[in-house]
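Participant: In this note's numbering, the protein residues as written are 56 to 450. Every residue gets a Cβ at the ideal spot worked out from N, C-alpha and C, and that includes glycine. One structure, as structure tokens, below. Some questions next.
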């Protein structure tokens, strides 16, 4: 973990340099809104023509779990440990829970993982989830669809969930993250807040209602990922300046194709529309399993599944879910295809070198192509002189 801390501190130092250059314009302190254009920093009132709120997030930890004291870990505290206990329960099987449970298990720790949902890592395709669950369950004890009850024990923490009743040395809470908006004074804007205390935020402008106030990054609770936060900060910065300079209404920005990647092995990834967002009756699906895929077998990585979704008329690619080797790379290729509205046949006309894992992706594309009108077409573009050969000629 010392190496991880060194890497983290190096990354953070680069970010801090940007704020260090602000000198006296950077004011540190506890901030609270007093209304649109008004805020207070440690008792000092400040007026601003535009305000950007980027207060980040913190791990979700149920109040009752606080009694566990030092035996309760989060991703904020895990990497500060000088030594790791032998037995850890991971509660929450979203992206963070899956990554941490597998990594800790591979370090030789005894891991017991629990998830309230029936799926892992945000997967919604039952076939992909079944493969991911089976593979992860082969590395550590995994129980899904249960709620974990934690109580202090004499020699650790007692965990009761479903048919499990065990004692561990520590618990890693991986229940997601909560926006840091408590006591920020959002109610002073005079706008309705939801049950989380969150105001309405336009994802294309980052604007809160019609006010010169912008909520960006983890603080808006939309997509708590660093690259998304960077985009949102960019959008908020442009629009805050526009409003401060009375340059008109905020500019609307198209957001990038949705991506979600879980850094497990095999990788888990989702791009574009998820399975649950699609109408199964009007969507085509193609899949490949990697047990017999050549490059995967050669590299002893032949586990996993990739599922593609396309519209039935033109074959335009809509989305994909996967638990597959090199998922983090294949999902970027698919994101490009979705962003450019490419069809299944457009993708099949691209080169696939041999032997590569992407040949598995081609297999899934060919399964989709077989369901489209004109399924007998070649993967290759015609030069113009080619005429399709009928079945009679082949006879």
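#1: So, helix, strand or coil for residue 129, using DSSP?
#2: Output the distance between the C-alpha atoms of residue 428 and residue 180, rounded to the nearest integer angstrom.
#3: Straight-line CA distance for residue 154 to residue 299?
#4: In whole angstroms, give me the CA-to-CA distance for residue 92 and residue 232.
#5: Any contact between the stretch 64-77 and the stretch 258-266? By contact I mean 3 or more CB pairs, one from each, below 8 Å.
#6: Is residue 69 helix, strand or coil when you go by DSSP?
#7: Below 9 Å between beta carbons: does that hold for residue 326 and residue 419?
#8: Alpha carbons only, please: which of 146, 267, 387, 210 is nearest the one belonging to residue 196?
#9: How many Å lie between residue 217 and residue 322 at the Cα?
#10: Using only the alpha-carbon positions, how far apart do residue 435 and residue 405 sit?
#11: If I follow the unbroken beta strand (DSSP E) through residue 378, where does it start and stop?
#12: Name the DSSP bridge partner or partners of residue 399?
#13: My output table needs one value for residue 228: the three-state DSSP class, helix, strand or coil.
#14: Tell me where the beta strand (DSSP E) around residue 263 begins and ends.
#15: Under 8 Å by Cβ, that's how I've got residue 412 and residue 381 pegged, so tell me the actual separation to the nearest angstrom.
#16: Which first and last residues belong to the beta strand (DSSP E) in which residue 206 is found?
#17: Roughly how many angstroms lie between the CA atoms of residue 358 and residue 346, to the nearest whole one?
#18: Considering only DSSP beta bridges, list what residue 94 is partnered with.
#19: Please return the same chain residues whose Cβ sits closer than 6 Å to the Cβ of residue 467, not counting the five positions on each side in sequence.
#20: Leaving out five residues before and five after residue 367 in sequence, what residues of the same chain have Cβ atoms less than 6 Å from its Cβ?
Facilitator: The structure says:
#1: For the purposes of this step, residue 129 is taken as residue 74 along the chain shown, with counting starting at 1. Coil at residue 129, not helix or strand.
#2: Mapped onto the chain shown, residue 428 falls at position 373. Mapped onto the chain shown, residue 180 falls at position 125. Whole-angstrom Cα-Cα distance: 25 Å.
#3: In the chain shown, residue 154 corresponds to position 99, counting from 1. In the chain shown, residue 299 corresponds to position 244, counting from 1. Pairing residue 154 with residue 299, the inter-Cα distance amounts to about 42 Å.
#4: As a first step, residue 92 must be located in the chain shown, where it is residue number 37. As a first step, residue 232 must be located in the chain shown, where it is residue number 177. Cα to Cα, residue 92 sits roughly 28 Å from residue 232.
#5: By the Cβ rule, the stretch 64-77 does not count as touching the stretch 258-266, because fewer than three pairs are nearer than 8 Å.
#6: On the chain shown, residue 69 is found 14 positions in, with the first residue counted as 1. Note: residue 69 maps to helix in three-state DSSP.
#7: As a position in the chain shown, residue 326 is number 271, starting the count at 1. As a position in the chain shown, residue 419 is number 364, starting the count at 1. Between residue 326 and residue 419, the gap from beta carbon to beta carbon reaches 9 Å or more.
#8: In the chain shown, residue 196 corresponds to position 141, counting from 1. Among 146, 267, 387, 210, the Cα nearest to that of residue 196 is on 146.
#9: Residue numbering aside, residue 217 sits at position 162 when the chain shown is read from its first letter. Residue numbering aside, residue 322 sits at position 267 when the chain shown is read from its first letter. In a straight line, the C-alpha of residue 217 is about 28 Å away from that of residue 322.
#10: In the chain shown, the residue the question calls residue 435 occupies position 380. In the chain shown, the residue the question calls residue 405 occupies position 350. Residue 405 has its alpha-carbon roughly 9 Å from the corresponding atom of residue 435.
#11: Reading the chain shown from its first residue, position 323 is the one you call residue 378. Residues 372-379.
#12: Residue mapping note: residue 399 aligns to position 344 of the chain shown, counting from 1. In the DSSP output, where bridge partners are listed per residue, residue 399 has none listed.
#13: As a first step, residue 228 is located in the chain shown; it is residue number 173 there, counting from the start. Looking at residue 228 - three-state DSSP - the assignment turns out to be strand.
#14: In the chain shown, the residue the question calls residue 263 occupies position 208. Careful: residue 263 lies outside any beta strand (DSSP E) and carries neither H nor E.
#15: The residue labelled residue 412 in the question sits at position 357 within the chain shown. The residue labelled residue 381 in the question sits at position 326 within the chain shown. Their Cβ separation, rounded to whole angstroms, is 5 Å, which keeps residue 412 and residue 381 in contact under 8 Å.
#16: In the chain shown, the residue the question calls residue 206 occupies position 151. Element bounds for residue 206: 204-208.
#17: Position 303 of the chain shown, counted from the first residue, corresponds to residue 358. Position 291 of the chain shown, counted from the first residue, corresponds to residue 346. Approximately 5 Å, taken between the alpha carbons.
#18: Residue 94 sits at position 39 when you count from the first residue of the chain shown. According to DSSP, residue 94 bridges with 88, 101.
#19: Here the chain comprises residues numbered 56 to 450, so residue 467 is not present and cannot be evaluated.
#20: Start at 1 with the first residue of the chain shown, and residue 367 comes out as number 312. So the list reads 339, once near-sequence residues are dropped.
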